[in-house]
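The listed protein sequences correspond, in order, to chains A and B.
Residue numbers are given in numbering that gives the first Met the number 0: position 130 of the first sequence equals residue 129, and the series is strictly consecutive.
Residue numbers are given in numbering that gives the first Met the number 0: position 236 of the second sequence equals residue 235, and the series is strictly consecutive.
Idealized CB from N, CA, C, for every residue including glycine.
Read the structure below first, then the notes.
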Amino acid sequence: MKTGFFRFLAGCAVLASPLAMWGQGRADLTGVWSPDEVLSIAPRANALLINRNAAEVKGDPDANCTLSGIPRIELGPKPFKILQSADEVVILYQNYTAFRQVFTDGRALPADPQPSWLGYSVGKWDGDTLVVDTVGFNDLTWLDNAGTPHSEALHVTERFHRRDKERLDIQITIEDPKTFSKPFTVTEHARLLPAGELTEMICLENRK
Amino acid sequence: MKTAWSAIVFLFLAASAHAQWLNYPTKNAPRSKNGKADMSAPAPRTKDGKVDITGIWEPNGLKYLISIAADLKPDEVPFQPWAAELYKERRATNGRDDPNNQCLPSGVPEKDAVTSPFKIMQFPGEMLILYESRTIYRQIFTDGRAMPKDFKPSWQGFSTGRWDGDDFVVETTGLNGKIWMDTNGHPLTEAAHVTERFRRHDYGHMDIQITIDDPKAYTKPWTITENPHLLADTELLESVCEENNKDARHIVGK
């Protein structure tokens, strides 16, 4: 295990310690992360639901192999990988072999975004926590496997915090005034796969 | 033929035209007096002196997507007899069975020719390519790791990269044998070993020299060179093939 861990980290000196910093005092979130369990948002969401939109009754959008939206694509069980550069954080999902760019170069969120599956994400650091704001979603995805709906007004805030070397917490706040009476928050827990790597996963090939 | 061409355009250029950050200035781009990125400025280098191949790149037109062998004479592709027959049949049926028609991914090395932008990023231990087409990524490991013993053959295979002078050399194996290298249908089997040499000449131009070593389909290795250009002051869009694949049922071939 130990050998594998350090082999995985070969060349990544910044990762040598759990609290290693990336560049200007930023925490290092790099690694392959596996959610502890498949998180359902429904228990928190249902009580606040004010508008059950059409997305739910059309059946699971993932059955069409279009991209799961945020946060569903990262709620498990498949792992994801985080890579950091000076100007952006990239999240690679094993699901769909899809990627997501989180720009941390100070650019603003688009004012009138064309609706998309994964939205538009910008991030900023709040101490050791990466705070990611995402808007510009279409309303064709579910928030979780249970079918929790949302509208195009969805605004997702994710707070990525590496609690220690092996633990990542993602505090996910869902704000969608057209669908829920008030914002609510769920927390996902993920564990580092030290010698792990993502495998190619093409939805159409796994569709049952 | 017209049907096949419209399918190419649809499947590879279907990204939304209204997405955001399309005019976001590229950091550290050399600028001409008119403020535009200077595409003939010297290639940038990383701190360790290597040529920096990062950036958003795009193939020059459909040429190599239609035929990876576009620069070769027909008899210069060293087909094995069965592969020549298969290629002939794929041409005769207008690419009806191209996996791309079903929204399956482009494999290595077709990806280098798909006429959508791709973004190369460099991280400790890997080079990463983000493809606008299909919103898919490819990891090229530079940390010395070997292909895992239980690696499952895939569309993108297992890629490792190293520097050879100013060339970034990528070796790929573990491909799944279903790959069409272009819409004409040059086949590639699971025995393939593909070598790509990424060579950035200046700020705005790069060659990708691709060597196909696939003894099952070809009698000897053969090499072609593609020539993508840099896109400055923009960003990738999101493109989801399955979102609107209405063309598939119209691709009847013949």
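Around the C-beta of residue i, are 16 or more other C-beta atoms found within 10 angstroms, so that it is buried, or is it exposed?
| i | result |
| --- | --- |
| A/I72 | buried |
| B/S115 | buried |
| A/H149 | buried |
| A/E187 | buried |
| A/I49 | exposed |
| A/D125 | exposed |
| A/A44 | buried |
| A/S115 | buried |
| B/Y23 | exposed |
| A/T140 | buried |
| B/N33 | exposed |
| A/R280 | No answer is possible for residue 280 of chain A: the residues shown for chain A start at 0 and end at 207. |
| B/N27 | exposed |
| B/H185 | buried |
| A/K123 | exposed |
| B/R89 | buried |
| B/S105 | buried |
| B/K110 | buried |
| B/E234 | buried |
| B/E75 | exposed |
| B/I209 | buried |
| B/R198 | buried |
| B/E131 | buried |
| A/T178 | buried |
Could you have a look at residue i and say whether DSSP puts it in helix, strand or coil?
| i | result |
| --- | --- |
| A/S16 | Low local confidence applies: a pLDDT of 40 at A/S16 is under 50, so the model's placement there is unreliable, and no value is given. |
| B/S132 | helix |
| A/Q113 | coil |
| A/T96 | helix |
| B/P214 | coil |
| B/L127 | strand |
| A/L197 | coil |
| A/L153 | coil |
| B/Q121 | strand |
| B/W81 | helix |
| A/P34 | strand |
| B/E234 | coil |
| A/I171 | strand |
| B/I65 | helix |
| B/Q101 | helix |
| A/A53 | Because A/A53 sits at a pLDDT of 49, beneath the cut-off of 50, its placement in the model cannot be relied upon, and the following sentence gives the value as read from the coordinates. Reduced to three states, the DSSP call for A/A53 is coil. |
| A/G22 | Interpretation of A/G22 is limited by its pLDDT of 49, a score under 50 that renders its predicted location unreliable; the figure taken from the coordinates is listed afterwards. In the structure shown, A/G22 sits in coil (DSSP, three-state: anything other than H, G, I, E or B). |
| A/K123 | strand |
| B/E189 | coil |
| A/D61 | helix |
| A/E165 | coil |
| A/L203 | helix |
| A/A189 | strand |
| A/A85 | coil |
| A/K80 | strand |
Who are the neighbours of residue i on chain A, taking C-beta pairs under 9 Å?
| i | result |
| --- | --- |
| B/K35 | The premise fails here: B/K35 is roughly 20 Å from chain A at the closest Cβ pair, so nothing lies under 9 Å. |
| B/F122 | C11, T29, L82, Q83, S84, V89 |
| B/T233 | Here the premise fails: no neighbours, minimum Cβ distance about 13 Å. |
| B/L127 | L82, V89, L91, F98 |
What residues from chain B crowd round residue i, counting only those whose CB sits closer than 7 Å?
| i | result |
| --- | --- |
| A/W216 | The requested residue 216 of chain A does not occur in the structure, where chain A is confined to residues 0 to 207. |
| A/L66 | T134, V239 |
Under 8 Å between beta-carbons, which chain B residues line up against residue i? List them in chain order, please.
| i | result |
| --- | --- |
| A/R106 | W20, Y23 |
Along chain A, which residues have their Cβ under 8 Å away from the Cβ of residue i?
| i | result |
| --- | --- |
| B/K26 | D86, D104 |
| B/L103 | I201, L203, E204 |
For a contact meaning CB atoms closer than 9 Å, what does residue i contact in chain B?
| i | result |
| --- | --- |
| A/N63 | E241, E242 |
| A/F210 | A question about residue 210 of chain A goes unanswered here, because the residues of chain A that appear run from 0 up to 207. |
Which whole-angstrom value is the C-beta distance of residue i and residue j, which I expect to be below 8 Å?
| i | j | result |
| --- | --- | --- |
| A/V131 | A/E157 | 4 Å |
| A/L66 | B/T134 | 7 Å |
| A/R161 | A/L28 | 6 Å |
| B/P195 | B/N175 | In the sequence under discussion, the amino acid at residue 195 of chain B is Glu, which differs from the Pro named in the question. B/E195 to B/N175, Cβ: 18 Å. No contact. |
| A/V134 | A/L108 | 6 Å |
| B/R44 | B/A36 | No, B/R44 and B/A36 are not in contact; Cβ-Cβ is about 17 Å, not under 8 Å. |
| B/L236 | B/I55 | About 11 Å separates the two Cβ atoms, so there is no contact after all. |
Note down, in chain order, every chain A residue with its Cβ under 7 Å from the Cβ of residue i.
| i | result |
| --- | --- |
| B/S153 | E199 |
Does the beta carbon of residue i sit closer than 8 Å to a beta carbon anywhere in chain D?
| i | result |
| --- | --- |
| B/I135 | Protein chains in the displayed structure are A and B, and chain D is not among them. |
> Do the segment 81-91 of chain A and the segment 114-131 of chain B touch if we need at least three Cβ pairs shorter than 8 Å?
Replying inline: Output reads yes: the segment 114-131 of chain B touches the segment 81-91 of chain A.
>> Within 8 Å, do at least three Cβ pairs link the segment 92-103 of chain B to the segment 177-186 of chain B?
In response: Look at the beta carbons and you see the segment 177-186 of chain B touching the segment 92-103 of chain B: at least three pairs across the two are nearer than 8 Å.
> Should the segment 196-204 of chain A be regarded as contacting the segment 32-48 of chain A, the criterion being three or more beta carbon pairs within less than 8 Å?
Replying inline: Segments in contact, no.
>> Check whether the segment 66-83 of chain B and the segment 207-226 of chain B touch, using three or more Cβ-Cβ pairs below 8 Å as the test.
In response: Contact between the segment 66-83 of chain B and the segment 207-226 of chain B is present, with at least three C-beta pairs closer than 8 Å.
> Counting Cβ pairs, one atom from each stretch, are 3 or more of them under 8 Å apart for the segment 91-98 of chain A and the segment 198-217 of chain B?
Replying inline: Too few Cβ pairs lie closer than 8 Å, so no.
> Touching or not, the segment 64-72 of chain B and the segment 158-172 of chain B, by the rule of three or more beta carbon pairs under 8 Å?
Replying inline: No, the segment 64-72 of chain B is not in contact with the segment 158-172 of chain B.
> Are there three or more Cβ pairs, one per stretch, closer than 8 Å when the segment 153-161 of chain B is compared with the segment 125-145 of chain B?
Replying inline: Yes, the segment 153-161 of chain B is in contact with the segment 125-145 of chain B.
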